[in-house]
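Q: Residue numbers (this note's numbering): 1401 to 1544.
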């Protein structure tokens, strides 16, 4: 079952890389904030349809969750806005490697301390080397 989750994560990565290029072009044509808004609005509509026809949870429980758990949408909006802004300036590949480096760094902290109720996985030397290699990768991709 883990290989299926890994495959799905790879598909998500392909989606993010593709989305970055599409949103970067959209932002150049209609504006950065406007491009991020349109991207989120379309995604919201798709998720609304999925919730109506496929949802199995209880949407009303949103009022009983800790308020910090609602910040995911804010963080998603920041991400999309930055992607729309950065891709036309530094390209899709450099932007995505930068995003991945940020993700590896913060996810290492989250795992190490078991934040947000997640499994605690110590940040060891192998994870440190992986983060350093990603930093080297970013340097090599950005260097002209």
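Glycine residues also receive a C-beta, built at the ideal position from the N, C-alpha and C atoms.
Given the structure is predicted, the values throughout are model-derived calculations rather than measurements.
Going by other Cβ atoms of all chains shown within 10 Å of its Cβ, with 16 needed for buried, is residue 1529 buried or exposed?
A: To locate residue 1529, count along the chain shown from 1; it is residue 129. Answer is exposed; the Cβ neighbour count stays below 16.
Q: Taking only runs that begin and end inside the region 1508 to 1542, name each unbroken alpha helix (DSSP H) of 4 or more residues, in chain order.
A: DSSP runs (the alpha helix (DSSP H)) wholly in the region 1508 to 1542: 1525 to 1542.
Q: With a threshold of 16 other CB atoms inside 10 Å of the CB of residue 1406, please say whether the residue is buried or exposed.
A: Numbered from its first residue, the chain shown carries residue 1406 at position 6. It counts as exposed.
Q: With C-beta atoms as the reference, is residue 1487 less than 8 Å away from residue 1424?
A: Numbered from its first residue, the chain shown carries residue 1487 at position 87. Numbered from its first residue, the chain shown carries residue 1424 at position 24. A contact, by the Cβ cut-off of 8 Å.
Q: Classify residue 1415 as buried or exposed, calling it buried when 16 or more other Cβ atoms lie within 10 Å of its own Cβ.
A: On the chain shown, position 15 is the one that residue 1415 refers to. Flag for residue 1415 reads exposed.
Q: Measuring alpha carbon to alpha carbon, tell me which of 1452, 1433, 1543 ends up nearest residue 1477.
A: Residue numbering aside, residue 1477 sits at position 77 when the chain shown is read from its first letter. If we check each option's Cα against that of residue 1477, 1433 comes out closest.
Q: Starting from residue 1466 and walking both ways along the alpha helix (DSSP H), at which residues does that stretch end?
A: By one-based count along the chain shown, residue 1466 stands at place 66. Counting along the chain, residue 1466 falls outside any alpha helix (DSSP H), and DSSP gives it neither H nor E.
Q: Going by beta carbon distance, what residues of the same chain come within less than 6 Å of residue 1542, once the five residues before and after it are set aside?
A: Locating residue 1542 in the chain shown gives position 142, where the first residue counts as 1. Within the same chain, residue 1542 has close Cβ partners 1494.
Q: Judging by CA-CA distance, which residue of 1468, 1490, 1484 is the nearest neighbour of residue 1515?
A: Within the chain shown, residue 1515 is the residue found at index 115, counting from 1. Checked all of 1468, 1490, 1484; the closest Cα to residue 1515 is 1468.
Q: Using C-beta distances below 7 Å, list every residue in its chain close to residue 1440, excluding the 5 sequence neighbours before and after it, in chain order.
A: One-based indexing of the chain shown puts residue 1440 at position 40. So the list reads 1477, 1480, once near-sequence residues are dropped.
Q: Is it right to say residue 1449 is buried, meaning 16 or more other beta carbons lie within 10 angstroms of its own, or is it exposed?
A: Within the chain shown, the letter at position 49 stands for residue 1449. Exposed is the call here.
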